[in-house]
Amino acid sequence: LNQGIKERREETLANMCDERARMLQDQFNVSMNHVHALAILVSTFYHGKQPPAIDQKTFGEYTDRTSFERPLTSGVAYALRVRHIEREQFEREHGWTIKKMETEDQDQTLAQECDPQNLEPSPIQDEYAPVILSQETVSHIVSIDMMSGKEDRENILRARASGKGVLTSPFKLLKSNHLGVVLTFAVYNTYLHQDATPEQRINATVGYLGASYDVPSLVEKLLHQLASKQTIVVNVYDTTNISAAINMYGPEETDTGLLHISSLDFGDPARKHEMRCRFKLRP
Ligand code: WA2
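Read in order, the letters of the sequence shown correspond to residues 785 to 1067 in this note's numbering.
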């Protein structure tokens, strides 16, 4: 084939893919910064006042009215760090028990699925992370111990030791049918310096502010704004484990034709992501 035409096609695909990857990355970064700011809001108004100056009603209203600042997120929530010795008093004060997160493989009746009050109490642990404040869109996680879910727990431990925003691997979020990721920031009871040790950070931790990203529906919404859906096929992958990449968005790969890979940086150096683009086959 004509070498010039081939090169132009490659360049067009590369430009379209890079543009989409940059848009997705920028929107993710914007929302990450706002989730970080929410962690500081909770630190200031929940932990910085006695009694707390923010309750569910205020948090719910504020997070709903500022949701435009967090593109791609499906909701934000705050989980409090509760030690086992504090559990009884905590449950008495809130009027509910700390619940265990239901996982996929567990037998789940429709009644349980619909009513969080039917969830099992969390079994005894050293500490818990029950959700006490939530955006209305994720109100189904209130009272659930986020440390009882594998991905959420790993995120919590990594967030509080590092002081950075951290991301989970893709997993099936509660009340969702697709893969998503959770972003977590730890909330500390004191101002910590950049070079604070992990141990200092863990000791100062009072809670966790998290956001969930329903990747397929939110990436779909983003790409929809661009008039390109007839031209290219886009996939988003978690490539942290390069030999077992996880398809987070887009159809099963059909290995035909020209391929362009654009890198994606979602701000957590422990996770790797990329966008893969192909021209659609003409029907
Ligand atoms: N948020 C929404 N849906 C979920 C979920 C989650 N985690 N986990 C599973 N499905 C309050 O890191 C603290 C949010 C966890 C934050």
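Backbone N, C-alpha and C fix where the C-beta goes; we use that ideal spot for every residue, glycine too.
Residue(s) in a DSSP beta bridge with residue i
i, result
"Leu903", "Per DSSP, none; premise fails for Leu903."
"Val950", "Thr968"
"Asp929", "Pro914"
"Pro1058", "Correcting the residue type first, residue 1058 is Glu in the shown sequence and not Pro. In DSSP, Glu1058 forms a bridge with Tyr1021, Ser1047."
"Tyr997", "Val965"
"Tyr992", "Ala863, Ala970"
"Lys1083", "Since the first and last residues shown for the chain are 785 and 1067, residue 1083 lies out of range."
"Phe769", "Because residue 769 is not part of the residues shown, which for the chain are 785 to 1067, the question remains open."
Other residues of its chain near residue i: CB distance less than 6 Å, five sequence neighbours each side excluded
i, result
"Pro1053", "none"
"Ile1045", "Glu1058, Arg1060"
"Arg1055", "Leu951, Thr1024"
"Phe955", "Glu935"
"Ser1047", "Glu1058"
"Ser827", "Val971"
"Gly964", "Leu957, Ser996, Tyr997, Asp998, Val999"
"Arg937", "Met931"
"Arg792", "none"
"Ala1029", "Tyr1021, Thr1023"
"Asp802", "Ser1046"
"Gly859", "Gln919, Thr921, Val922, Ser996"
"Gly933", "Met885"
"Gln787", "none"
Close beta carbons around residue i, own chain, < 7 Å, minus the five adjacent residues each side
i, result
"Met807", "Leu1006"
"Asn1068", "There is no way to answer for residue 1068, as the model of the chain reaches only from 785 to 1067."
"Asp891", "Note that Asp891 has pLDDT 48, beneath the 50 cutoff, so the model's placement of it is unreliable and the number below is only indicative. Excluding residues within five positions, none has a Cβ falling inside 7 Å."
"Ala798", "His1044"
"Asn939", "Val950, Thr952, Val966, Thr968"
"Ser927", "Trp880, Ile882, Lys883, Pro900, Pro914, Val915"
"Asn1031", "Asn1019, Tyr1021"
"Thr1038", "none"
Neighbourhood of residue i by C-beta, 8 Å cutoff - its chain only, sequence neighbours within 5 removed
i, result
"Gly1041", "Arg1062, Phe1063, Leu1065"
"Glu794", "Leu1042, His1044"
"Leu894", "Reliability fails at Leu894, whose pLDDT of 49 lies under 50, so the model's placement of it is uncertain and the value that follows must be treated cautiously. So no residue of the chain qualifies."
"Gln896", "Residue placement at Gln896 is flagged as unreliable, the pLDDT there being 48, under the threshold of 50; the coordinate-derived value follows with that caveat. Correct list, in chain order: Glu886, Asn902, Leu903."
Beta-carbon spacing of residue i, residue j below 8 Å
i, j, result
"Asp848", "Ile882", "no"
"Arg865", "Val1003", "no"
"Asp1049", "Gln809", "yes"
"Phe969", "Ala823", "yes"
"Tyr912", "Met885", "no"
"Leu967", "Gly994", "yes"
"Leu856", "Ser815", "yes"
"Phe829", "Ala837", "yes"
"His878", "Gln909", "no"
"Arg804", "Leu1010", "yes"
"Gly1051", "Asn813", "yes"
"Val819", "Arg854", "yes"
"Ser1012", "Met800", "yes"
"Ala863", "Tyr992", "yes"
Problem - Minimum length 3: unbroken beta strand (DSSP E) runs contained in the stretch 1002-1043 - result: 1016-1022, 1030-1033
Handout entry: At least 3 beta-carbon pairs within less than 8 Å: the stretch 1055-1067 vs the stretch 1013-1027
Key = yes
Handout entry: Segment contact, 8 Å Cβ cut-off, at least three pairs: the stretch 936-950 with the stretch 917-924
Key = no
Practice task
Would you check if there are 3 or more beta carbon pairs closer than 8 Å linking the stretch 907-918 to the stretch 958-966?
Solution key: no
Practice task
Taking only runs that begin and end inside the stretch 829-893, name each unbroken alpha helix (DSSP H) of 4 or more residues, in chain order.
Solution key: 840-849, 871-878
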